[in-house]
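A.B. asks: Position 327 (the sequence shown) corresponds to 312 in the numbering used here; numbering is contiguous.
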Amino acid sequence: MTASLEQLRRCHFAVDLGAARTRVYVRGAGLVVDQPSVAAVNTRSGALIAVGDFAERMRGRTPAHIRVVRPVSGGTVVDIEMAQRMLRGLLGDRLRRALRRKPFLRAAACTPHEADPLARRAAVETLVGLGARRVELVDTLIAAAVGCGLPVQQPEATMIMACGTATTQVAVLSLGSTVSSERIPVGGEAVDHAIVQHLRHQHELMLPSQSVRPLHVALSGIGLTAQGPTSTEIRGRDVVTGLVRSVQVDTAAVREAIETPLTAVVDVIGRVLRECPPDLVADLVDRGIMLVGGSALLPGLDEMVRQATGMPVHIAERPDVCAVQGLGYMLEGRIEPLALGPIVI
Ligand SMILES: Nc1ncnc2c1ncn2[C@@H]1O[C@H](COP(=O)(O)OP(=O)(O)OP(=O)(O)O)[C@@H](O)[C@H]1O
Ligand SMILES: [Mg+2]
């Protein structure tokens, strides 16, 4: 990380291409884009119709000739061309022109921890297509740790858990890099899926595709936590009749339904801690775990981690934008590099 901090300082913009949302930070301007990673295409002409929020609203409501696609999956760009078109759309003409005016455009992007070479290549290609002459890649976990103000460069342990859409990544960081880490393919999506399956099996109710993702967001207001009310009303389509119906859903049963994915998430922490040297674990007992990523907002997740590990658990102030914020801090030169070069005597 120290080696590339110099390079990062020279970047003009930073991109976090997430499975759910795309975020762009422009040096000097701040966070300029935070929209769903979605594009709507006309399959007859191949033209791009909409991107971001508007395209997301179209999902599940399109006629046959319009297709709503997600060019990023599990933190990896799976359709480079579409990702470029989506990014161009999200940036807009004015911003794109401003960036293009730079004589040697440099970009930064964050990639999932231990991303394979193909995934890294895809991230680079996407930004090169946008006009970047050089692309710096940063580990999402390090970017997020910087973004939420953890002292990553210090010789002390910090533990971070990034709860994303399709993956959860946990790592212990010290001296600007990862000491032990793990990534599992379980994230907010798996929790959504568990809730949808529960409603289908127990109440024979199908949710419209738009409410699948934000369902637990809707539930959070009235409480998925044990302190919340015991039931809540959900509206959906009856599996058999196809008619709209609303049911009273028992929140305790929903909590039980999402236990499997959440247990998998909590188990990772134990495995990462077991691999970690004892000195660092001792640091962590006081400092605790920092939760970042949109799914960190899942009500009750922090309490669950607290109970399972006995360690203090904190949720970052803006968990969803931590990674891009961290990239932004690096671009703006707000992070002091720790000189780890050889000592000259
Ligand atoms: N308030 C909330 N409560 C519960 N879950 C939430 C909330 N807000 C967002 N989420 C969930 O967080 C996830 C999105 O998180 P985030 O914005 O970090 O995704 P991303 O960066 O695009 O994904 P990834 O980093 O995995 O590629 C989604 O699964 C969404 O359902
Ligand atoms: Mg992310």
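Just so you know, even glycine gets a beta-carbon here, dropped at the ideal spot from N, CA and C.
Small disclaimer: the values here were computed from a predicted structure and weren't measured.
At what residues does the alpha helix (DSSP H) containing M296 begin and finish?
C.D. replies: Unbroken run through M296: none, as it is neither H nor E.
A.B. asks: Secondary structure at M101, three-state DSSP: helix, strand or coil?
C.D. replies: The sequence shown places Asp at residue 101, rather than the Met named in the question. Look at D101 here: in three-state DSSP terms it is coil, with no helix or strand label.
A.B. asks: Is there at least one non-hydrogen atom of ligand 2 closer than 7 Å to the beta-carbon of A308?
C.D. replies: Flag set: Cβ of A308 near ligand 2.
A.B. asks: For Q310, name the three-state secondary structure that DSSP assigns.
C.D. replies: helix
A.B. asks: In three-state DSSP terms, what is S165?
C.D. replies: strand
A.B. asks: Assign F(-2) to one of three DSSP states: helix, strand, or coil.
C.D. replies: strand
A.B. asks: What does a CB cutoff of less than 8 Å around A238 pick up in its chain, not counting 5 residues either side in sequence?
C.D. replies: H183, Q187
A.B. asks: Determine the extent of the beta strand (DSSP E) in which G15 is found, giving its start and end residues.
C.D. replies: Its beta strand (DSSP E) spans residues 15 to 21.
A.B. asks: Just the Cα atoms here: how many angstroms apart are G74 and R256?
C.D. replies: 41 Å
A.B. asks: So for D124, helix, strand or coil by DSSP?
C.D. replies: Strand, per DSSP.
A.B. asks: May I ask you to report which of helix, strand or coil DSSP gives D64?
C.D. replies: coil
A.B. asks: Comparing alpha-carbon positions, which option in L160, R222, A142 lies nearest V181?
C.D. replies: Among L160, R222, A142, the Cα nearest to that of V181 is on R222.
A.B. asks: Could you compute how far the alpha carbon of T386 sits from the alpha carbon of G273?
C.D. replies: No answer is possible for residue 386: the residues shown for the chain start at -14 and end at 330.
A.B. asks: Can you check which of these residues, D287, R86, T215, R(-5), is closest to E121 by C-alpha distance?
C.D. replies: Comparing Cα-Cα distances from E121 to each of D287, R86, T215, R(-5), the minimum goes to R(-5).
A.B. asks: When the Cα of G116 is compared with those of L103, V171, Q69, which residue comes out closest?
C.D. replies: Residue Q69 holds the alpha-carbon nearest to the alpha-carbon of G116 among L103, V171, Q69.
A.B. asks: Could you tell me whether any non-hydrogen atom of ligand 2 is closer than 7 Å to the CB of T125?
C.D. replies: yes
A.B. asks: Helix, strand or coil for S(-11), going by three-state DSSP, please let me know.
C.D. replies: Helix.
A.B. asks: Is it buried or exposed for F(-2), if we count other Cβ within 10 angstroms and need 16 for buried?
C.D. replies: buried
A.B. asks: If you reduce the DSSP assignment to three classes, tell me which class T28 lands in.
C.D. replies: coil
A.B. asks: Between V113 and R12, what straight-line distance do the alpha-carbon atoms span, to the nearest angstrom?
C.D. replies: Our two residues, V113 and R12, have alpha carbons roughly 18 Å apart in a direct line.
A.B. asks: Assign L228 to buried or exposed, taking buried as 16 or more other Cβ atoms, counted over all protein chains shown, within 10 Å of its Cβ.
C.D. replies: Under this definition L228 is an exposed residue.
A.B. asks: Helix, strand or coil: which one does DSSP assign to A147?
C.D. replies: strand
A.B. asks: Whose CA, out of S216, Q233, E141, lies closest to the CA of A267?
C.D. replies: Comparing C-alpha distances from A267 to each of S216, Q233, E141 shows the shortest one belongs to E141.
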